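Student:
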Amino acid sequence: AVGAAMRLGAVLSALRPALPLLLGLSLGCSLSLLRASWSHGAAEERCLAPGPPAPPARGDSPEAAEGRPGPGHEDFRPRIVPYYRDPNKPYKKVLRTRYIQTELGFHERLFVAVLTSKATLNTLAVAVNKTVAHHFPRLLYFTGLRSAKVPHGMVLVAHGDERPIWLMYETMNYIHQHFGSDYDWFYIMQDDTYAQAEQVKALVTHLSINQDAYLGRAEEFIGGDEQARYCHGGFGYLLSRSLLLKLHPHLDSCRNEILSVRPDEWLGRCIIDFLGITCVSQLQGQHYRTYELAKNTEPEKEEEEDFQAALAVHPVSDMTLMYRLHKQFSRIQLDRVYQEIQDLQMQIRNLTALTPAGEAGVTWPVGINAPFLPKSRFEVISWDYFTEQHLFSCPDGSPKCELSGASKADVSEIIESAVEQLNHLYQPLVRFSKRQLLNGYRRFDPTRGMEYTLDLLLEAATQKGHSHVLAKRVSLVRPLSKVEIIPMPYVTEATRVQLVLPLTVQDLDFVANFLDMFAMNTLDTHDNALLTLLFIYHPYDAQRVGQMDVFAGVKAMVGELEKRYADIKIPWISVKTEVPSQVKLMDIVSKKHPVDTLFFLASVWTEINMEFLNRCRMNTISNWQVFFPVHFQEFNPALVYRGEQTASSNTDFLRDGHFDRHSFAEACFYNSDYMTARTKLAADILDRDEVLESMEVFDVFLHYSGLHLFRAVEPGLVQKYTLRSCNPRLSEELYHRCVLSNLEGLASRSHLAMALFEQEQANST
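Under this note's numbering, think of the first position of the sequence shown as 12, with each following residue one higher.
(1) Identify whether Met357 lies in helix, strand or coil by the three-state DSSP scheme.
(2) Could you round the C-beta distance between Ala224 and Leu294 to whole angstroms and report it? I think they count as a contact, below 8 Å.
(3) Measuring alpha carbon to alpha carbon, tell me which of Ile379, Ala159, Tyr652 ends up nearest Ser761.
(4) What is the rounded straight-line gap between the Cα of Thr536 and the Cα of Ala530?
(5) Between the C-alpha atoms of Leu692 and Gly460, what's the straight-line distance to the nearest angstrom?
(6) Alpha carbon to alpha carbon, what distance is there between Glu390 and Glu370?
(7) Please report the residue range of the alpha helix (DSSP H) in which Tyr652 lies.
(8) Report, in whole angstroms, the separation of the C-beta atoms of Val594 and Leu703, which I expect to be a contact under 8 Å.
(9) Tell me the DSSP secondary structure of Asp695 in three-state form.
(10) Can you name the residues that DSSP bridges to Asp456?
(11) Where does Leu200 fall in DSSP's three states?
(12) Do Arg628 and Val4 count as a contact pair if the criterion is CB distance below 8 Å?
(13) Along the chain, which unbroken stretches of the beta strand (DSSP E) at least 3 residues long are found entirely within the segment 235-277?
(14) Go ahead and pull the three-state DSSP assignment for Asn307.
(15) State the CB to CB distance for the pair Ile176 and Ala124, rounded to an integer number of angstroms; the pair is presumed to be in contact (CB under 8 Å).
(16) Measure the Cβ-Cβ separation of Val485 and Arg446 and say whether it is below 8 Å.
(17) Using only CA atoms, which one of Thr142, Tyr194, Thr154 lies nearest to Gly116?
(18) With distance defined between alpha-carbon atoms, name the residue in Glu399, Ser409, Gly408 nearest to Ser415.
(19) When you compare only the Cα positions, how much space is there between Glu571 and Val615?
(20) Mind checking who Ala229 pairs with in its DSSP beta bridge?
(21) Rounded to the nearest angstrom, what separates Phe153 and Phe232 at their Cα positions?
(22) Please classify Ser393: does DSSP put it in a helix, a strand, or coil?
(23) Pick from Leu384, Pro385, Leu541, Ala364: whose alpha carbon is nearest that of Val377?
(24) Alpha carbon to alpha carbon, how far is Ile392 from Leu491?
(25) In this structure, does DSSP put Glu74 in helix, strand or coil?
(26) Name the residue from Met333, Asp684, Pro410 whose alpha carbon lies nearest to the alpha carbon of Ser601.
(27) State the DSSP-derived secondary structure class of Phe521, mapped to helix, strand or coil.
(28) State the beta-bridge partners of Trp583 as determined by DSSP.
(29) Mind checking which residues open and close the beta strand (DSSP E) that includes Met152?
(30) Could you give the first and the last residue of the continuous alpha helix (DSSP H) run that contains Gln730?
(31) By the 10 Å Cβ neighbour count, where 16 or more other Cβ atoms means buried, how is Pro367 classified, buried or exposed?
(32) Count the C-beta pairs between the segment 577-593 and the segment 538-547 that are closer than 8 Å, then say yes if the count reaches three, no if not.
(33) Between the alpha carbons of Leu178 and Asp284, how many angstroms are there, rounded?
(34) Short check: CB of Gln201 to CB of Gly245, under 8 Å?
(35) Should the segment 319-338 be regarded as contacting the segment 263-279, the criterion being three or more beta carbon pairs within less than 8 Å?
(36) What is the C-beta distance between Met333 and Leu135, in whole angstroms, given that I count them as a contact (C-beta under 8 Å)?
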């Protein structure tokens, strides 16, 4: 018995680690069986009444009864239409849409139409454009004038007939034809209406598009049906896309059959008669609030709740009143935002007290991200010191420079804001006035914004007239605001790139590698890129071309490429000059190409690849932006590796080197943009061509064009180390930049220090 008990104890001890697993499996199986029995019971309860299925409820289609949307209940979820190719028809290339939202069936939210006239086009319409137009995503002005002169910054559609009914008819037709398939909501207003743009946009975001909507200030027809209402045009009204699509076939009938003096009554009667939809002031729990202005109204003194909550105000008699309304509503909106910020900050404080960190976890300012905490000394963000006159961290690297431009305006504004905040905290007991800025520090924290620390010498005055001078340190933060997507014109990767390669005698040793890379990465891959060579002859070499052409070897290599690729021609242009000015060379090339040519100005050390050419196409936009990439320059392998190891041959990774910010040799731009900027430059310098020797193409675009200059590091442009020859005939600035590029391209500081250390050790022995 004792032996049996011992054996049982041994078995239990062996099974004890597996007991949780066995219990878990048993419990899981039991729950599975219970769930299966419940599901079976629920399935049986469906068939309580034998016989044919019950008919669907009134108004429901059989599809709706089966759980699918019936007719009139369109499913607005995006869906991808599958591509089907008919085998009986010849193959045709499928053209994809420009934007994914088009392919998925998305629409823009709101389109705004403003009705104006001859008398108010240059007054009220301009006021609307300056106050609220930039808050709407798309806004057009409609008038009946013929060949009307369009004020600056406005998009005007002239119908050529000033009759109000005809203007409304043509406007609805135009909106349906050009924008009916692109927008969900259409807001029609007059130019004597002030609309709170942000409130209107917020309204449409809370409305479902799956409904015919006619929303505005409902008014009764004179002598008409008591139940029918039309939307007053002076206060604006919203039309849904579905209503516009249904209304369009009946517009011609409305024009011929409905007589009215007011265009808003005519449109309301048309919608009621043919669609049976009346104007409403409330829809889906959202109210369209309006306010009617009395004569001689003072917007600054209006404190009624109806005024502050209004989406639209009417009538606005003149431009000045429009601007005053905009100022007052902007102040109201700003007060609401500040109050909302205070409420959110209070909630954050209350909730933070319940967290494990407690009140110590509250950051300053409340609601703004905490300062960046560096993990090593290399991640420490340095502070820039400044005074009211000077900045001690200059862009050009000099230790001290004059405070000017945007930096001076920034410092002045932040000092003024600091004194204002101090007075807001301590008034009316004490009032501060600035005497002097003792010390100023600022730094940009990418996680929260610009931070400032100011030591201010202040004069504090009390209510009793006593004053005292004291120094006070304040900290301020200019937080990063809402990130906005900048609209950019559409570009495509199918644009042909015209490479331009200037060559001098000193570049002959590197031409073969450039042509090999060009052939491998563009010609073999059939990339849409062409090459033009620019041979720069010294006057002495130009005289001896008949006896010995210094570029004969390059021309032979070009001939071999043209034989290998029969459909490719590589033209060259010969130039004789002692000073190869980049601008003068581009003047010659520009005249030999069409105005829509996309140039890539390359250097002989550039390794061309498809990845960079695509970025050149995408980052260069005609009449909008030029692209100046910063190439990656490899260090001198003799200093970096010192015979211990060799450089990696894998071009997918950036090897030991740096991005050469002193070089502006590579550039992507359109010929039309260059010609426009070059014309302005010619008018400025007149006949002083020697000025061109001190300029590069970058300077031409920087000073003589209004285009965006996109300067960014480009990992796709990798250049092997070489000691470039700097022409002393160029300007002092260009020569200095060339020398700096050579010096910084030798090696990093650590590599140079190691080389000096080894040299000193060798000399000591």
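Cβ coordinates follow ideal geometry from the N, Cα and C atoms, glycine included.
Only a predicted model underlies this, so the values are computations on that prediction, with no experimental measurement involved.
Tutor: In this structure, then:
(1) For the purposes of this step, residue 357 is taken as the residue at position 346 of the sequence shown. Met357 falls in the helix class under three-state DSSP.
(2) Here residue 224 refers to the residue found at position 213 when the sequence shown is read from its first residue. Here residue 294 refers to the residue found at position 283 when the sequence shown is read from its first residue. In this structure Ala224 is in contact with Leu294, their Cβ atoms being roughly 6 Å apart against a cut-off of 8 Å.
(3) In the sequence shown, residue 761 corresponds to position 750, counting from 1. Of Ile379, Ala159, Tyr652, the residue nearest in Cα terms is Tyr652.
(4) Within the sequence shown, numbered from 1, the residue matching residue 536 stands at position 525. Within the sequence shown, numbered from 1, the residue matching residue 530 stands at position 519. Taking the straight line from one Cα to the other gives about 9 Å.
(5) Indexing the sequence shown from 1 puts residue 692 at position 681. Indexing the sequence shown from 1 puts residue 460 at position 449. Each residue's alpha carbon lies about 38 Å from the other.
(6) Counting from 1 along the sequence shown, the entry for residue 370 is found at position 359. Counting from 1 along the sequence shown, the entry for residue 390 is found at position 379. C-alpha separation (whole angstroms): 28 Å.
(7) Counted from its first residue, the sequence shown places residue 652 at position 641. Segment: none, Tyr652 is in no alpha helix (DSSP H) and carries neither H nor E.
(8) The residue you call residue 594 lines up with position 583 of the sequence shown. The residue you call residue 703 lines up with position 692 of the sequence shown. Sure, about 5 Å apart at Cβ, within 8 Å.
(9) For the purposes of this step, residue 695 is taken as the residue at position 684 of the sequence shown. In the displayed model, Asp695 falls within a helix according to three-state DSSP.
(10) Numbered from its first residue, the sequence shown carries residue 456 at position 445. Gly460, per the DSSP bridge assignment.
(11) If you number the sequence shown from 1, residue 200 lands on position 189. Position check: residue 200 holds Met in this sequence, whereas Leu was assumed. If DSSP states are grouped into helix, strand and coil, Met200 belongs with the strands.
(12) Outside the shown range of the chain, which is 12 to 776, sits residue 4, and nothing can be said about it.
(13) Segments of the beta strand (DSSP E) lying fully in the segment 235-277: 240-242, 248-251.
(14) As a first step, residue 307 is located in the sequence shown; it is residue number 296 there, counting from the start. Asn307 falls in the coil class under three-state DSSP.
(15) Locating residue 176 in the sequence shown gives position 165, counting from the first residue. Locating residue 124 in the sequence shown gives position 113, counting from the first residue. The Cβ separation is near 16 Å, so there is no contact.
(16) Residue mapping note: residue 485 aligns to position 474 of the sequence shown, counting from 1. Residue mapping note: residue 446 aligns to position 435 of the sequence shown, counting from 1. At least 8 Å separates the beta-carbon of Val485 from that of Arg446.
(17) The residue you call residue 116 lines up with position 105 of the sequence shown. Nearest option by C-alpha distance: Tyr194.
(18) Locating residue 415 in the sequence shown gives position 404, where the first residue counts as 1. The candidate whose alpha carbon is nearest that of Ser415 is Glu399.
(19) For the purposes of this step, residue 571 is taken as residue 560 along the sequence shown, with counting starting at 1. For the purposes of this step, residue 615 is taken as residue 604 along the sequence shown, with counting starting at 1. Cα to Cα, Glu571 sits roughly 19 Å from Val615.
(20) Here residue 229 corresponds to residue number 218 of the sequence shown, with the count starting at 1. Residue pairing for Ala229: DSSP places it in a beta bridge opposite Cys242.
(21) As a first step, residue 153 is located in the sequence shown; it is residue number 142 there, counting from the start. As a first step, residue 232 is located in the sequence shown; it is residue number 221 there, counting from the start. One C-alpha to the other measures close to 25 Å.
(22) As a working mapping, residue 393 is identified with position 382 in the sequence shown. DSSP, reduced to helix, strand and coil, places Ser393 outside both helices and strands of the structure shown, so it counts as coil.
(23) Taking the sequence shown and counting its residues from 1, the one referred to as residue 377 is at position 366. Nearest C-alpha to Val377: Ala364.
(24) As a first step, residue 392 is located in the sequence shown; it is residue number 381 there, counting from the start. As a first step, residue 491 is located in the sequence shown; it is residue number 480 there, counting from the start. In this structure, the straight-line span from the alpha carbon of Ile392 to that of Leu491 is close to 17 Å.
(25) As a working mapping, residue 74 is identified with position 63 in the sequence shown. Per-residue confidence for Glu74 stands at a pLDDT of 40, beneath the threshold of 50, marking its modelled position as unreliable; the derived number appears in the next sentence. Glu74 falls in the helix class under three-state DSSP.
(26) Position 590 of the sequence shown, counting from 1, holds the residue named residue 601. When each option's Cα is compared against that of Ser601, the closest is Asp684.
(27) Here residue 521 refers to the residue found at position 510 of the sequence shown. Three-state result, Phe521: helix.
(28) Here residue 583 corresponds to residue number 572 of the sequence shown, with the count starting at 1. In DSSP, Trp583 forms a bridge with Leu544.
(29) Stepping through the sequence shown from its first residue, residue 152 is reached at position 141. Rather than Met, the amino acid found at residue 152 in this sequence is Tyr. Here the beta strand (DSSP E) through Tyr152 covers 150-154.
(30) Position 719 of the sequence shown, counted from the start, is the residue given in the question as residue 730. From DSSP, Gln730 is part of no alpha helix (DSSP H) but of the beta strand (DSSP E) over 719-730.
(31) Position 356 of the sequence shown, counting from 1, holds the residue named residue 367. Under this definition Pro367 is an exposed residue.
(32) Yes, since at least three Cβ pairs between the segment 577-593 and the segment 538-547 fall closer than 8 Å, the two stretches touch.
(33) The count along the sequence shown starts at 1 and reaches residue 178 at position 167. The count along the sequence shown starts at 1 and reaches residue 284 at position 273. Straight-line spacing of the CA atoms in Leu178 and Asp284 works out to 20 Å.
(34) Taking the first residue of the sequence shown as position 1, residue 201 is located at position 190. Taking the first residue of the sequence shown as position 1, residue 245 is located at position 234. In this structure, Gln201 sits near Gly245, with a CB-CB distance shorter than 8 Å.
(35) With contact defined as three or more Cβ pairs closer than 8 Å, the segment 319-338 and the segment 263-279 are not in contact.
(36) Position 322 of the sequence shown, counted from the first residue, corresponds to residue 333. Position 124 of the sequence shown, counted from the first residue, corresponds to residue 135. Cβ-Cβ separation between Met333 and Leu135: approximately 7 Å, consistent with a contact (criterion under 8 Å).
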